[in-house]
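Take 8 as the starting number for the sequence shown in our numbering and just add one per residue. Every residue gets a Cβ at the ideal spot worked out from N, C-alpha and C, and that includes glycine. Taking it in order: structure first as structure tokens, then the write-up.
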Amino acid sequence: MTNTVEVAIVASAFGADPVRTAGHRKWAEASRRAGAAGFEVRRELFGYEADAALQRLRALGKQIAELGLWSVYSTPASLYAADGQLDAAALSLALDQATALGARFVKLQLGAFAHHAYGEAIATHMRGASVRLVVENGQLARGGSLAQFVGLFDALKREGCANVLGMTFDIGNWAWCGVAPLDAAAALAAHVEYVHCKVAVGEGARRFAAAPATDDPRFAAVLDKLPRHVPRGIEFPLDTARIDEDAAHRVAWLAAA
Numbered sequence: 008m009t010n011t012v013e014v015a016i017v018a019s020a021f022g023a024d025p026v027r028t029a030g031h032r033k034w035a036e037a038s039r040r041a042g043a044a045g046f047e048v049r050r051e052l053f054g055y056e057a058d059a060a061l062q063r064l065r066a067l068g069k070q071i072a073e074l075g076l077w078s079v080y081s082t083p084a085s086l087y088a089a090d091g092q093l094d095a096a097a098l099s100l101a102l103d104q105a106t107a108l109g110a111r112f113v114k115l116q117l118g119a120f121a122h123h124a125y126g127e128a129i130a131t132h133m134r135g136a137s138v139r140l141v142v143e144n145g146q147l148a149r150g151g152s153l154a155q156f157v158g159l160f161d162a163l164k165r166e167g168c169a170n171v172l173g174m175t176f177d178i179g180n181w182a183w184c185g186v187a188p189l190d191a192a193a194a195l196a197a198h199v200e201y202v203h204c205k206v207a208v209g210e211g212a213r214r215f216a217a218a219p220a221t222d223d224p225r226f227a228a229v230l231d232k233l234p235r236h237v238p239r240g241i242e243f244p245l246d247t248a249r250i251d252e253d254a255a256h257r258v259a260w261l262a263a264a
């Protein structure tokens, strides 16, 4: 019998407007009803700037934990600034917010990483932290290229800081950068600690995220290349007409896929 995988639901799967209007707690409750193990809080979906205050995040984190869920704190901020330097201020703020939430992972975009990873500086920031830092491949060329991620992990290894951070592997986002997800999985699987599950449909400016077909062999092949012990996040839109039913179905499917 195949071992099941932990599945989280990303807040955006419920729709941006519903999350901004009702707040994250409602959708954490929906995630628990669906049988998810975790819930991803999205900084860009806070309805009010005050929701990002540490006191508010502590309260939200307590509510999520009381539901029996672990959490991810996702911010659109980038780890590396436009000049390729480490954005220490963005990292520090994200760590403070994720720690207040009590998150398992804090997820940033990669940004403009070039050659030097600043591994020792990252390690200094992470010292004593209870949250794990992961960077995600985005939809833009800067922060979404396969070469950047291969270069990042090579640079961290050279700097003696190979384990200072991991990767959120977004299966669907590679399409925006013209990278075959299977190729990316083969190159990066050793560094993947969290998987965002979705596919991309359409072309160019009309490309958008969608739910994978449960019998999609290409999607299944990518999952097979990635480590099975890491959690998977549902980041594709759920069916709003039957939200609880669809969420429960998708959690069960991804846990066993």
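Per DSSP, cross-strand counterpart(s) of H335: For residue 335 there is no data in the structure shown, the boundaries of the chain being 8 and 264.
V237 to D90 span [Cα, whole Å]: Distance between the alpha carbons of V237 and D90 is about 32 Å.
Spatially closest choice to H198 from V26, P234 and R213, by CA coordinates: For H198, the nearest C-alpha among the options comes from P234.
Cβ-based neighbour list, T28, same chain, cut-off 8 Å, excluding 5 preceding and 5 following: Closer than 8 Å at Cβ, skipping near neighbours: G54.
Whether G179 touches A207 by CB criterion (8 Å): In this structure, A207 lies closer than 8 Å to G179 by Cβ.
Residue interval of the beta strand (DSSP E) (run including P224): No beta strand (DSSP E) holds P224; the alpha helix (DSSP H) holding it covers P224 to K232.
Neighbourhood of D103 by C-beta, 7 Å cutoff - its chain only, sequence neighbours within 5 removed: Answer for D103: L61, listed in chain order.
Alpha carbon of E36 to alpha carbon of G68, nearest angstrom: Going by the C-alpha atoms only, they are around 12 Å apart.
At least three beta-carbon pairs within less than 8 Å, the region 11 to 26 to the region 238 to 258: Counting Cβ pairs under 8 Å, three or more are found: they touch.
Same chain only: Cβ atoms within 6 Å of A254, ignoring 5 sequence neighbours per side: Setting aside the 5 residues that flank it on each side, A254 is surrounded in the same chain by A41 and L245, each with a C-beta closer than 6 Å to its C-beta; the list follows chain order.
Alpha-carbon to alpha-carbon, R214 and P25: Roughly 22 Å between the two C-alpha positions.
Cβ-heavy atom distance, W77 to the ligand MG, below 7 Å: What this structure holds is no ligand at all, so the ligand MG is not there to describe.
Spatially closest choice to W183 from L189, L147, L153 and G109, by CA coordinates: Comparing Cα positions, the closest option is L147.
Where M8 falls, given that 16 or more other Cβ within 10 Å makes a residue buried: At M8, the pLDDT of 37 sits below 50, so the modelled position is not reliable and the matter cannot be decided from this model.
Residues that R249 bridges to, as DSSP identifies them: Answer is none; R249 lacks a bridge partner.
Cutoff 7 Å; reference R39; Cβ partners in own chain excluding five residues on either side: Excluding sequence neighbours, R39 sits near L74, G75 and L76.
Cut-off 6 Å between Cβ atoms - residues of its own chain near A216, not counting five sequence neighbours on either side: Excluding its 5 nearest sequence neighbours in each direction, A216 has C-beta neighbours in its own chain below 6 Å: G179, K205 and F243, listed in chain order.
Spatially closest choice to L86 from Y125, A162, G109 and W34, by CA coordinates: Nearest C-alpha to L86: Y125.
For G151 and V202, the rounded distance between their alpha carbons: Taking the Cα positions, V202 is about 15 Å away from G151.
Local conformation of E13 per DSSP, three classes: Coil, per DSSP.
W181 versus A107: straight-line alpha-carbon distance, rounded: Spanning the alpha carbons of W181 and A107 requires a straight line of approximately 31 Å.
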